[in-house]
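Single-structure report; data block below.
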Amino acid sequence: GGYRVPDAEFMRAVNDLCTEHDIPLIADEIQSGVGRTGKMWASDHFDFEPDVITSAKALRVGATISRSELFPDEKARISSTWGAGDILASIQGSLTLAAIEDHDLLDHADRQGKGLLDRLAPLQDEYQALEDVRGLGLMAAVEFETADQREAVMEAALERGLLTLGCGRKTLRLLPPLDVRDRELDIAVDLLDDAIASVSRAATV
């Protein structure tokens, strides 16, 4: 947990190890897939092709995408998923993919994600409670020194109208929509800044 972006060299080593021992390499893209990181799949940022990709939330259906030799037709039919057979969800997923292509949302998410990290980076310099700011595309994380600090900032942010989520033990995650605008990023980071400042002031009283 904690939205930690793996090192490219590490991912190549994992891929080489799996290839050497004939182990299927599975990329869990349920949160990171379908454009979230500025590419269709987060694994596209690295120099390897997974054997299996799992996807769900952004497509509105639970799905696995794999090499055909791993799951021939007779085996692919024998599976279960929370979204299987839902026609409406399948239509939503199809329209989502079309919108990503029609509106060039991969490039937009990549560009806006870099802008988000640029906006968040000064907060790490300003507040001692912040240990790290990291992310890939519009999948950003702010890590605090303690879990209590993270919880307090999440509550303060919510009071100001900013919805965040926790991940890992002491990390706060930010997941703007793929079509997020500059002004919305400005507002979000300003609200987060104010929330962190209020928690920091309370801690020093």
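In our numbering, the protein residues as written are 1016 to 1220. Where a beta carbon is used, it is the ideal one built from N, C-alpha and C, also for glycine.
**Request:** Return the first residue and the last residue of the alpha helix (DSSP H) that Thr1034 is part of.
**Result:** Unbroken alpha helix (DSSP H) run through Thr1034: 1023 to 1035.
**Nearest-angstrom Cα separation, counted from Gly1128 out to Val1220** = Below a pLDDT of 50, predicted positions are generally treated as unreliable, and Val1220, at 38, falls in that range; the measurement from the model is reported next regardless. Near 35 Å, if we compare the C-alpha coordinates of Gly1128 and Val1220.
**Other residues of its chain near Asp1209: CB distance less than 7 Å, five sequence neighbours each side excluded** = Closer than 7 Å at the Cβ level, and outside the excluded window around Asp1209, lie Arg1175.
**Prompt:** Can you tell which of Pro1065, Leu1074, His1123, Ala1171 has its C-alpha closest to the C-alpha of Cys1033?
**Reply:** For Cys1033, the closest C-alpha among the options Pro1065, Leu1074, His1123, Ala1171 is that of Pro1065.
**Prompt:** Of the residues Gly1130, Leu1153, Val1029, Ala1167, which one's Cα is nearest the Cα of Asp1197?
**Reply:** Residue Gly1130 is the option with its Cα nearest to Asp1197.
**Request:** Kindly indicate which three-state DSSP category Tyr1018 falls into: helix, strand or coil?
**Result:** Look at Tyr1018 here: in three-state DSSP terms it is coil, with no helix or strand label.
**Prompt:** How is Ile1093 classed by DSSP in three states: helix, strand or coil?
**Reply:** Legend: pLDDT at Ile1093 = 49, less than 50; position of this residue unreliable, no value from coordinates given.
**Prompt:** Between the stretch 1112 to 1119 and the stretch 1173 to 1191, do three or more beta carbon pairs fall short of 8 Å?
**Reply:** Three or more beta-carbon pairs separated by less than 8 Å are not found between the stretch 1112 to 1119 and the stretch 1173 to 1191, which leaves the two stretches without contact.
**Request:** Enumerate in chain order the residues of its own chain whose CB-to-CB distance from Ala1023 is below 6 Å, with the five nearest sequence positions on each side excluded.
**Result:** Beyond the five residues adjoining it in sequence on each side, Ala1023 comes within less than 6 Å, by CB distance, of Phe1061 in the same chain, given in chain order.
**Item:** Identity of the residue in Gly1150, Leu1173, Ala1073, Val1020 nearest Ile1106 by Cα
**Value:** The residue with the shortest Cα to Cα distance from Ile1106 is Ala1073.
**Member of Asp1037, Thr1161, Val1148, Trp1056 whose CA lies at the smallest distance from the CA of Asp1122** = Relative to Asp1122, the option among Asp1037, Thr1161, Val1148, Trp1056 whose CA is nearest is Trp1056.
**Request:** Below 8 Å CB to CB, which residues in the same chain sit around Asp1043 once its five sequence neighbours on both sides are set aside?
**Result:** These residues qualify, in order along the chain: Thr1069.
**Prompt:** Hey, out of Arg1019, Glu1158, His1036, whose CA is closest to Leu1135's CA?
**Reply:** Among Arg1019, Glu1158, His1036, the Cα nearest to that of Leu1135 is on Glu1158.
**Message:** If the criterion is Cβ atoms closer than 8 Å, does the pair Gly1228 and Thr1161 meet it?
**Reply:** Nothing can be reported for residue 1228: it is not among the residues displayed for the chain, which extend from 1016 to 1220.
**Asked** If we ignore side chains and look at the alpha-carbon of each, how far apart do Val1029 and Ile1041 end up?
**Response** If I take the Cα positions, the gap works out to 11 Å.
**Prompt:** Is Arg1019 near Phe1063, with beta carbons less than 8 Å apart?
**Reply:** No. Outside cutoff.
**Item:** Spatial neighbours of Ala1171 in its chain, beta-carbon cut-off 7 Å, leaving aside the 5 residues before and after
**Value:** Excluding its 5 nearest sequence neighbours in each direction, Ala1171 has C-beta neighbours in its own chain below 7 Å: Ala1210, Ser1213, Val1214, listed in chain order.
**Asked** By Cβ distance, which residues of its chain are closer than 6 Å to Asp1125, with the 5 residues on each side in sequence left out?
**Response** Exclusion of the five residues before and after Asp1125 leaves Gly1053, Gly1152 as the residues of its chain whose Cβ lies within less than 6 Å of its Cβ.
**Message:** For Asp1147, list the residues DSSP reports as bridge partners.
**Reply:** Listed as beta-bridge partners of Asp1147 by DSSP are Glu1158.
**Message:** For Pro1191, count the other beta carbons within 10 Å of its own beta carbon; 16 or more makes it buried, fewer makes it exposed. Which is it?
**Reply:** Burial state of Pro1191 is buried, judged by a 10 Å Cβ sphere holding 16 or more other Cβ atoms.
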